[in-house]
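**Student:** Residue numbers (my numbering): 133 to 696.
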Amino acid sequence: MLTKKRVIATLLSILIMVIIFSLCQHVFAIHPDYPIAFMDEGWDVTINTENYKNIKMSEVFTVMDSKLKHGDVIFMSKTLPDLGEIPFPAISFRSRYTTLECFIDGELIYKYGLTMYREDKFIGKMMHFITLPNDYAGKQITFKMLAEENDAFTVLEGPSLGSTPELRMNFINSHLFIIAAGMALFVFGIVFLMLSLLFVTAIPDIAVQLYSSLMCINLGAWLLSYYNVLSLFVYAPLETQIEYFTLYLIVPFCYIILYCIQKPEKKKLFFAFFIISSLIPFFQFILHFSFNIHLRATLPMYHVDCVVGFIVVIYYTINSIRKKNISSAGMIQMIGLFIFTIAEFIHLIVYILGPQRAQITSLTAKVTIAGGCLFFVICQIAFYLLYITKTFAQRQEYASLSRLAYADGLTNLSNRAKSDKALMDLNKAKTDYCIISIDLNGLKPINDKYGHLSGDKYIKDFAKVLTNTFEELGLCARIGGDEFLVIIEDASDLDIEALIGRMNSALSVMNALYPEYQRSVASGYAYKHECPDKDSHEVYLLADQRMYENKRRMHEELGIALRV
Numbered sequence: 133m134l135t136k137k138r139v140i141a142t143l144l145s146i147l148i149m150v151i152i153f154s155l156c157q158h159v160f161a162i163h164p165d166y167p168i169a170f171m172d173e174g175w176d177v178t179i180n181t182e183n184y185k186n187i188k189m190s191e192v193f194t195v196m197d198s199k200l201k202h203g204d205v206i207f208m209s210k211t212l213p214d215l216g217e218i219p220f221p222a223i224s225f226r227s228r229y230t231t232l233e234c235f236i237d238g239e240l241i242y243k244y245g246l247t248m249y250r251e252d253k254f255i256g257k258m259m260h261f262i263t264l265p266n267d268y269a270g271k272q273i274t275f276k277m278l279a280e281e282n283d284a285f286t287v288l289e290g291p292s293l294g295s296t297p298e299l300r301m302n303f304i305n306s307h308l309f310i311i312a313a314g315m316a317l318f319v320f321g322i323v324f325l326m327l328s329l330l331f332v333t334a335i336p337d338i339a340v341q342l343y344s345s346l347m348c349i350n351l352g353a354w355l356l357s358y359y360n361v362l363s364l365f366v367y368a369p370l371e372t373q374i375e376y377f378t379l380y381l382i383v384p385f386c387y388i389i390l391y392c393i394q395k396p397e398k399k400k401l402f403f404a405f406f407i408i409s410s411l412i413p414f415f416q417f418i419l420h421f422s423f424n425i426h427l428r429a430t431l432p433m434y435h436v437d438c439v440v441g442f443i444v445v446i447y448y449t450i451n452s453i454r455k456k457n458i459s460s461a462g463m464i465q466m467i468g469l470f471i472f473t474i475a476e477f478i479h480l481i482v483y484i485l486g487p488q489r490a491q492i493t494s495l496t497a498k499v500t501i502a503g504g505c506l507f508f509v510i511c512q513i514a515f516y517l518l519y520i521t522k523t524f525a526q527r528q529e530y531a532s533l534s535r536l537a538y539a540d541g542l543t544n545l546s547n548r549a550k551s552d553k554a555l556m557d558l559n560k561a562k563t564d565y566c567i568i569s570i571d572l573n574g575l576k577p578i579n580d581k582y583g584h585l586s587g588d589k590y591i592k593d594f595a596k597v598l599t600n601t602f603e604e605l606g607l608c609a610r611i612g613g614d615e616f617l618v619i620i621e622d623a624s625d626l627d628i629e630a631l632i633g634r635m636n637s638a639l640s641v642m643n644a645l646y647p648e649y650q651r652s653v654a655s656g657y658a659y660k661h662e663c664p665d666k667d668s669h670e671v672y673l674l675a676d677q678r679m680y681e682n683k684r685r686m687h688e689e690l691g692i693a694l695r696v
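Printed below as a string of structure tokens:
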């Protein structure tokens with residue numbers, strides 16, 4: 133059951149994601165000034181020598197006898213509707229692993245990928261915005277495509293007709309969730325990567341945050357490139373290569389994060405899975421860049437790797453819930469990784485289903501994969517907030533324990549343990565330090581006459597005077613009932629006599645204001661240079677000796693017997 137802190141951390145993370153999405157929706161929301169026509173119906177399609185009349189472009193798979201093969205020629209034609217006078221008329225269309233030539237009444241107005249096709253280079257997916265002539269209405273538009281890959285496509289989205297700026301904004305508006313998710317992943321990854329790098333050597337447990345940040349950057353790049361959104365914001369001619377490169381790294385990243393969370397007992401077996409999972413994308417990249425076996429052709433290797441990784445994540449998630457063998461923060465990350473892998477697995481099933489996936493709405497597909505990625509980010513933010521809260525609490529506890537160990541309970545000055553440590557540290561000092569030994573006068577008579585509460589007040593009153601005089605210059609400590617010590621690491625430029633005089637004057641003022649008893653101290657000090665080749669303890673003994681000499685003189689002047 134989630135604790136209150138974990139619930140708050142998760143809710144804060146969700147709130148951040150909602151704010152980001154709302155801002156994107158507000159900034160990019162459009163209200164078209166001109167009509168936009170979605171042209172999915174009424175296409176005449178020719179695949180090699182087979183002709184098909186009046187079909188939906190999104191349902192072209194229903195008339196195909198077999199999958200496309202490399203070199204297949206596809207023609208699609210339709211009469212353009214009349215939308216009236218619109219500025220900068222254009223048509224938007226996403227091609228998939230094919231070349232593209234666009235004709236208006238038989239005249240070529242646009243071409244893409246022909247050179248790459250002749251050189252047998254990888255042709256990926258591309259979002260095209262094709263400018264049309266102003267008198268487009270009633271003319272026939274024809275798309276000619278050459279399949280570069282086997283099974284280049286089974287489903288195509290119908291093109292849209294409208295004004296160029298509004299087509300671009302409409303594309304952005306229809307992918308707001310993807311943009312919000314991708315940007316959130318990317319920005320979160322960059323920010324937390326920098327934070328993780330700052331603290332990775334100081335905080336060992338931050339390593340999982342480092343790898344999670346890298347995975348978020350990878351997921352952001354994959355999500356934006358998968359939907360061809362990346363090329364709208366930056367020049368990305370290799371957008372599809374980026375998509376596959378980042379896609380194939382997802383499973384190895386999952387193994388790394390899983391290892392950081394779980395610290396598995398069967399390390400050899402786990403590392404075997406991880407090494408195989410890492411070698412698969414490496415092998416795929418070698419085939420693509422060295423042997424021209426394109427990234428898409430080796431996609432089944434990723435599918436197998438993905439299924440195995442999904443099974444491993446499920447195993448460790450169930451094991452963690454059953455045994456409760458990881459921390460609450462680790463469980464948050466485990467849940468985030470589990471939900472993401474489920475979303476990725478659903479996305480994989482939809483892809484493998486082939487043409488049947490056309491029956492699943494585009495919105496559902498986007499929400500599933502982007503939602504899984506966002507949930508992973510939310511869990512990372514929740515983990516970070518919980519981690520920061522826990523770290524802050526630990527530091528507060530450490531500070532409290534340190535104060536108990538090194539602070540005097542009555543005066544809040546440093547205690548004897550702290551002063552002994554400071555004296556040891558002085559043995560390494562190169563400066564001319566000074567040690568001042570101070571002893572209260574008349575504490576026992578005040579305790580006997582007025583009680584220990586008055587004696588404690590005497591001690592606390594002097595502690596305030598001591599702090600006001602020396603705190604900014606060095607360490608002030610109470611090392612016994614009425615014994616105090618001041619350590620000044622560099623006293624070469626200080627007038628110690630004047631400082632002691634200021635302290636005594638402050639006590640005299642206090643005596644005048646509160647005359648119920650007299651407050652005074654005996655003090656003595658010594659410098660490092662007075663004890664050459666000796667340690668700090670010898671310097672302290674010299675200061676203490678001078679303090680007792682001062683105390684003896686004060687008692688002789690007052691006619692008080694010296695208490696030994």
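The C-beta atom is built at its ideal place from N, Cα and C for all residues, glycine as well.
On a predicted model such as this, the values are computed, not experimentally measured, just so you know.
Please report the straight-line C-alpha distance between A355 and I218, rounded to a whole angstrom.
**Tutor:** Along the sequence shown, read from residue 1 onward, the residue named residue 355 stands at position 223. Along the sequence shown, read from residue 1 onward, the residue named residue 218 stands at position 86. Before going on, a small fix: residue 355 reads as Leu here, not Ala. Answer to the nearest angstrom: the Cα atoms are 33 Å apart.
**Student:** Restricting to Cα atoms, I'd like to know which of D564, V482 and F309 is closest to D625.
**Tutor:** Working through the sequence shown from its first residue, we reach residue 625 at position 493. With distances taken between Cα atoms, D625 lies closest to D564.
**Student:** Thinking E621 and A539 are a contact (beta carbons under 8 Å), I'd like their distance in whole angstroms, please.
**Tutor:** Residue numbering aside, residue 621 sits at position 489 when the sequence shown is read from its first letter. Residue numbering aside, residue 539 sits at position 407 when the sequence shown is read from its first letter. Incorrect: roughly 20 Å between the Cβ atoms, too far for contact.
**Student:** Compare the C-alpha of Y249 against each of V205, I453 and P291 and name the closest.
**Tutor:** One-based indexing of the sequence shown puts residue 249 at position 117. The candidate whose alpha carbon is nearest that of Y249 is V205.
**Student:** Going by the C-beta, is D580 closer than 7 Å to any heavy atom of the ligand SAH?
**Tutor:** The model on display carries no ligand, and the ligand SAH is accordingly not part of it.
**Student:** By the 10 Å Cβ neighbour count, where 16 or more other Cβ atoms means buried, how is D665 classified, buried or exposed?
**Tutor:** Counted from its first residue, the sequence shown places residue 665 at position 533. When all chains shown are included, D665 counts as exposed.
**Student:** Using a Cβ-Cβ cut-off of 7 Å (strictly less than) and excluding sequence neighbours within five positions of I393, which residues of its own chain qualify?
**Tutor:** Taking the first residue of the sequence shown as position 1, residue 393 is located at position 261. Same-chain partners within the cutoff: V340, I458, G462, Q465 and M466.
**Student:** So what does DSSP say about H260, is it helix, strand or coil?
**Tutor:** The count along the sequence shown starts at 1 and reaches residue 260 at position 128. Reduced to three states, the DSSP call for H260 is strand.
**Student:** Who are the near neighbours of V445 in its chain, counting only those whose CB is closer than 7 Å to its CB and skipping five residues on each side?
**Tutor:** Here residue 445 corresponds to residue number 313 of the sequence shown, with the count starting at 1. C386, L390, L469, F470 and T473.
**Student:** With the cut-off set at 8 Å, would you say I304 and L364 are in Cβ contact?
**Tutor:** Translated into the one-based positions of the sequence shown, residue 304 becomes position 172. Translated into the one-based positions of the sequence shown, residue 364 becomes position 232. Their beta carbons are under 8 Å apart, which means I304 touches L364 by this criterion.
**Student:** May I ask which residues mark the beginning and end of the beta strand (DSSP E) holding L293?
**Tutor:** As a position in the sequence shown, residue 293 is number 161, starting the count at 1. Counting along the chain, the beta strand (DSSP E) containing L293 begins and ends at S292 to S295.
**Student:** What first and last residue would you give for the alpha helix (DSSP H) that runs through N643?
**Tutor:** Position 511 of the sequence shown, counted from the start, is the residue given in the question as residue 643. That run of the alpha helix (DSSP H) goes I628 to L645.
**Student:** Residues in the same chain with beta-carbon distance under 6 Å from F602, minus the five sequence neighbours each way, listed in chain order, please.
**Tutor:** Walking along the sequence shown from the start, residue 602 turns up at place 470. Only C608 and V618 meet the Cβ criterion.
**Student:** On the criterion of 16 or more Cβ atoms from any shown chain inside 10 Å, does S569 qualify as buried, or is it exposed?
**Tutor:** The residue labelled residue 569 in the question sits at position 437 within the sequence shown. It is buried - the Cβ of S569 has at least 16 other Cβ atoms within 10 Å.
**Student:** Taking all protein chains shown into account, do 16 or more other C-beta atoms lie within 10 angstroms of the C-beta of R610, making it buried, or fewer, making it exposed?
**Tutor:** As a first step, residue 610 must be located in the sequence shown, where it is residue number 478. Label assigned to R610: buried.
**Student:** According to DSSP, is V597 helix, strand or coil?
**Tutor:** In the sequence shown, residue 597 corresponds to position 465, counting from 1. If DSSP states are grouped into helix, strand and coil, V597 belongs with the helices.
**Student:** For F275, list the residues DSSP reports as bridge partners.
**Tutor:** Mapped onto the sequence shown, residue 275 falls at position 143. Paired residues: M208 and C234.
**Student:** Using three-state DSSP, classify D557 as helix, strand or coil.
**Tutor:** For the purposes of this step, residue 557 is taken as residue 425 along the sequence shown, with counting starting at 1. The answer is helix: DSSP assigns D557 an H, G or I state.
**Student:** With DSSP as the reference, please indicate the residues paired to S345 in a beta bridge.
**Tutor:** On the sequence shown, position 213 is the one that residue 345 refers to. DSSP, once it has assigned bridges, lists no residue as partnering S345.
**Student:** Where Q528 and M326 are concerned, what is the direct C-alpha to C-alpha distance, given to the nearest angstrom?
**Tutor:** The sequence position of residue 528 within the sequence shown is 396, counting from 1. The sequence position of residue 326 within the sequence shown is 194, counting from 1. Taking the straight line joining both Cα atoms gives about 25 Å.
**Student:** Shortest alpha-carbon distance to F207 belongs to which of F225, G583, E233 and D197?
**Tutor:** Sequence index remark: in the sequence shown, residue 207 carries index 75 (1-based). Answer by Cα proximity: E233.
**Student:** Where does A497 fall in DSSP's three states?
**Tutor:** Counting from 1 along the sequence shown, the entry for residue 497 is found at position 365. DSSP places A497 in helix when its eight states are reduced to three.
**Student:** Enumerate in chain order the residues of its own chain whose CB-to-CB distance from I262 is below 8 Å, with the five nearest sequence positions on each side excluded.
**Tutor:** As a working note, residue 262 is residue 130 in the sequence shown. Result list for I262: A222, I223, S224, F225, C234, I241 and Y242, in chain order.
**Student:** What span of residues does the beta strand (DSSP E) with Y184 cover, start to end?
**Tutor:** Mapped onto the sequence shown, residue 184 falls at position 52. Looking at the DSSP string, the run of the beta strand (DSSP E) that includes Y184 is E182 to I187.
**Student:** Cα-Cα, which of H435, F403 and Y447 is closest to I478?
**Tutor:** To locate residue 478, count along the sequence shown from 1; it is residue 346. Nearest C-alpha to I478: H435.
**Student:** Can you tell me which residues form a DSSP beta bridge with D252?
**Tutor:** Residue 252 sits at position 120 when you count from the first residue of the sequence shown. Paired residues: none, contrary to the question.
**Student:** Alpha carbons only, please: which of I425, K581 and N682 is nearest the one belonging to Y649?
**Tutor:** Numbered from 1 along the sequence shown, position 517 holds the residue referred to as residue 649. Residue K581 is the option with its Cα nearest to Y649.
**Student:** Could you tell me the alpha carbon to alpha carbon distance between G352 and A313, rounded to whole angstroms?
**Tutor:** For the purposes of this step, residue 352 is identified with residue 220 of the sequence shown, where counting begins at 1. For the purposes of this step, residue 313 is identified with residue 181 of the sequence shown, where counting begins at 1. Going by the C-alpha atoms only, they are around 7 Å apart.
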